[in-house]
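S.K.: One structure follows; several queries about it will come next.
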Amino acid sequence: MIVLGLDASSDAAAVGIAADGITRCEYTIYNGKNHSLTLLPMVETMLHELGVDFQDIDAYACGIGPGSFTGVRIGAATVKGFAQAWQKPVIPISSLQLLAENIREFDGLRVSAVHARVNELYCGAYDSKNCEVMSPSVMTVDELLNFLQGKRCKIVGNGAMVFRQQFIEALGHQVVAEGSLVHLIRGGAVAEMGYRLAEQGHGVLYTELSPAYLRESQAEREYKEKHK
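Under numbering that gives the first Met the number 0, the letters of the sequence shown match residues 0 to 227, in that order.
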């Protein structure tokens, strides 16, 4: 089985291919938010390098957010297009869970924190067996700190970097994952997790793929405010 995975929920565009459960190729480009211009060329290059055609792909995995509203929509639309064209299943995966994959060697509570706005974070928490301990949520930094008090944990994601000092002061020097690349979603992580879920029968029709925004977009908030 061959699974193509992608995520565009953050400033990084990530694509990867897994075959027989192992990443065969992955690209992650941290280029801001030009994902509508970069995703397709990344996929085409990856397929060419591996000598794989679209008709060889058995399933498509997609990071569904939360994160950038525009990026999540671009990623979902791209995967829907692939899956519809080739009539293949789609594997939706929380982008927060994908981030936690970067520190899967840590045997405590793995916490994903993505900067949402001002003092808020998109958060999720997973144990060493990758079971969800806290479902994707929108929290303030203080709310997350209260949740993590007394727990052995490690935090990953751009939110961990934005509020690094606060996390360290409250929870200790080892709480924030080390390295810059560890805070980006990897294309290989999307493909490998998608592969495992596909083996377990978690694929859905492309029409059922739904982004996980968690909250209204700025445009929606401004529209409601204007039409009160």
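All C-beta atoms in this analysis are idealised placements derived from N, C-alpha and C, irrespective of residue type, glycine included.
In this text the structure is predicted, and so the values were computed from the model without any measurement.
So the alpha helix (DSSP H) residue 249 belongs to, where does it begin and stop?
M.R.: Lying before the first or after the last residue shown, residue 249 is absent from the chain, which here runs from 0 to 227.
S.K.: Residue 41 and residue 71 - do their beta-carbons sit closer together than 8 Å?
M.R.: What you label residue 71 is simply residue 72 of the sequence shown in a count that begins at 1. What you label residue 41 is simply residue 42 of the sequence shown in a count that begins at 1. The answer is no: Cβ separation not under 8 Å.
S.K.: Around the Cβ of residue 94, are there at least 16 other Cβ atoms within 10 angstroms (buried) or fewer (exposed)?
M.R.: By one-based count along the sequence shown, residue 94 stands at place 95. Buried, because 16 or more other Cβ atoms sit within 10 Å of the Cβ of residue 94.
S.K.: Using the Cα positions of residue 148 and residue 8, report the straight-line distance between them to the nearest angstrom.
M.R.: Looking up residue 148 in the sequence shown gives position 149. Looking up residue 8 in the sequence shown gives position 9. Taking the straight line from one Cα to the other gives about 28 Å.
S.K.: Taking C-alpha atoms, which residue in 161, 25, 81 and 2 lies nearest to residue 175?
M.R.: Taking the first residue of the sequence shown as position 1, residue 175 is located at position 176. Minimum Cα distance to residue 175 is reached at 161.
S.K.: Quick check: the stretch 152-170 against the stretch 105-121, are at least 3 beta-carbon pairs closer than 8 Å?
M.R.: Judged by Cβ distances under 8 Å, the stretch 105-121 makes contact with the stretch 152-170, as three or more pairs qualify.
S.K.: Taking only runs that begin and end inside the stretch 67-102, name each unbroken alpha helix (DSSP H) of 4 or more residues, in chain order.
M.R.: Fully enclosed alpha helix (DSSP H) runs of 4 or longer: 68-85 and 94-99.
S.K.: When the Cα atoms are used, what is the spatial distance from residue 221 to residue 177?
M.R.: Numbered from its first residue, the sequence shown carries residue 221 at position 222. Numbered from its first residue, the sequence shown carries residue 177 at position 178. Only weak support is given to the placement of residue 221: the predicted model assigns it a pLDDT of 40, under 50, and the value that follows is read from those uncertain coordinates. Going by the C-alpha atoms only, they are around 38 Å apart.
S.K.: Pick from 186, 141 and 190: whose alpha carbon is nearest that of residue 166?
M.R.: Here residue 166 is taken as the residue at index 167 of the sequence shown, counted from 1. Nearest option by C-alpha distance: 141.
S.K.: Helix, strand or coil: how does DSSP classify residue 220 here?
M.R.: In the sequence shown, residue 220 corresponds to position 221, counting from 1. Here residue 220 scores only 42 on pLDDT, less than 50, and its place in the model should not be relied on; the value that follows carries that caveat. In this structure, residue 220 counts as helix in the three-state DSSP scheme.
S.K.: What are the boundary residues of the beta strand (DSSP E) that residue 155 is part of?
M.R.: As a working note, residue 155 is residue 156 in the sequence shown. Residues 152-155.
S.K.: With 16 as the cutoff for other CB atoms within 10 Å, does residue 122 come out buried or exposed?
M.R.: Taking the sequence shown and counting its residues from 1, the one referred to as residue 122 is at position 123. With 16 or more Cβ atoms within 10 Å of its Cβ, residue 122 is classed as buried.
S.K.: For the stretch 50-63 against the stretch 25-34, do three or more pairs of beta-carbon atoms, one drawn from each stretch, fall closer than 8 Å, so that the two count as touching?
M.R.: Too few Cβ pairs lie closer than 8 Å, so no.
S.K.: Determine the contact status of residue 92 and residue 73, defining contact as a CB-CB distance below 8 Å.
M.R.: Here the question's residue 92 lines up with position 93 in the sequence shown. Here the question's residue 73 lines up with position 74 in the sequence shown. Their beta carbons are not under 8 Å apart, which means residue 92 does not touch residue 73 by this criterion.
S.K.: Are the CB atoms of residue 65 and residue 205 nearer to each other than 8 Å?
M.R.: By one-based count along the sequence shown, residue 65 stands at place 66. By one-based count along the sequence shown, residue 205 stands at place 206. Cβ distance not < 8 Å, so residue 65 and residue 205 don't count as in contact.
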